[in-house]
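Numbering (this note's numbering), first residue to last: 1 to 305.
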């Protein structure tokens with residue numbers, strides 16, 4: 001039931017802008033985001049359309065949801081998870097974590113971005129702000145209800161579009177960045193093939209229910225050895241089609257041994273003594289690629305999306 005709000009009209013808009021400016025500054029400071037455009041994006045994009053009418057269910061990762069007492073927008077400008085469907089654990093992810101990951105993959109103006117797992121479109125709008133009108137964001141959301149919400153929420157952003165289907169497909173457009181918001185036991189071959197040279201894939205190597213890591217992989221000119229590094233630990237709802245219980249068990253063991261040492265992804269050759277984890281047709285190595293990835297300090301304290 002919608003609680004009546006003591007704030008109306010212009011007063012509500014003024015309060016929202018004030019909260020948004022502080023929220024953007026706070027989460028970008030916590031994420032150590034070096035690019036001022038990331039703070040600008042979080043300050044500019046209103047969350048209200050993407051969370052729906054209040055009161056809202058909010059939580060810190062791993063804790064029960066708490067329902068806000070009313071629809072004061074102060075409650076949605078927090079570094080917390082915001083429920084889209086609390087029964088299924090579907091949320092708008094932790095903004096501080098996303099600010100860190102977006103800083104890591106360095107989205108540039110004019111680039112083409114594929115987002116896998118758009119939800120209601122909040123981070124699609126953030127990505128669209130970062131690439132600007134000269135860029136493009138193709139968002140994929142397999143949940144029909146959420147895809148409909150995202151399409152409605154993004155209707156005024158001409159350079160963002162929403163596809164209500166899986167983002168694991170052979171017809172993905174060529175992209176400079178692929179930003180995945182659903183956990184997977186492996187990088188989809190279709191994602192790797194859609195990347196342009198120099199393109200970055202950022203995805204949670206974290207099967208459903210597992211505390212994994214947000215891995216960034218950069219496509220080199222030579223397809224054999226890709227620069228790779230974990231930006232932080234991460235846990236997401238699972239990506240349909242990329243779940244593997246046995247891989248999840250082995251990944252949990254690998255993360256228990258440490259994760260900061262990963263430096264490359266190999267798509268050819270047998271795993272050697274530098275192997276951190278081996279999947280089917282790919283493996284992660286602690287040895288560097290010929291062209292190392294950009295220097296982004298990994299964060300152990302950022303986990304939830």
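Backbone N, C-alpha and C define an ideal beta-carbon position, used for all residues, glycine too.
It should be emphasised that the depicted structure is a prediction, and the values quoted were computed from it without experimental measurement.
For residue 42, the uninterrupted alpha helix (DSSP H) segment begins and ends at 36 to 44. Taking C-beta atoms as the reference points, residue 58 and residue 81 count as a pair closer than 8 Å.
In the assembly as shown, residue 124 is a buried residue. Its beta-carbon has 16 or more other beta-carbons within 10 Å.
Taking one beta carbon from each stretch, the region 260 to 277 and the region 233 to 246 have fewer than 3 pairs nearer than 8 Å; the two do not touch. Secondary-structure assignment with DSSP links residue 70 through no beta bridge to anything. In this structure, the beta-carbon distance from residue 121 to residue 172 does not fall below 8 Å. Every unbroken stretch of the beta strand (DSSP E) spanning 3 or more residues and falling wholly within the region 173 to 214 is given here in chain order: 175 to 180 and 195 to 205. Inter-segment contact for the region 140 to 158 and the region 71 to 78 is absent: fewer than three beta-carbon pairs are separated by less than 8 Å. With a threshold of 16 other beta carbon atoms within 10 Å, residue 189 falls short and is exposed.
Counting of Cβ neighbours within 10 angstroms places residue 213 among the buried residues, the total reaching 16 or more. The criterion of a C-beta distance shorter than 8 Å is not satisfied by residue 149 and residue 137. A Cβ-Cβ contact shorter than 8 Å links residue 194 with residue 114.
Contact between residue 220 and residue 289 holds, with the beta-carbon distance rounding to 7 Å and staying under 8 Å. The region 241 to 254 and the region 96 to 111 do not touch, with fewer than three beta-carbon pairs separated by less than 8 Å.
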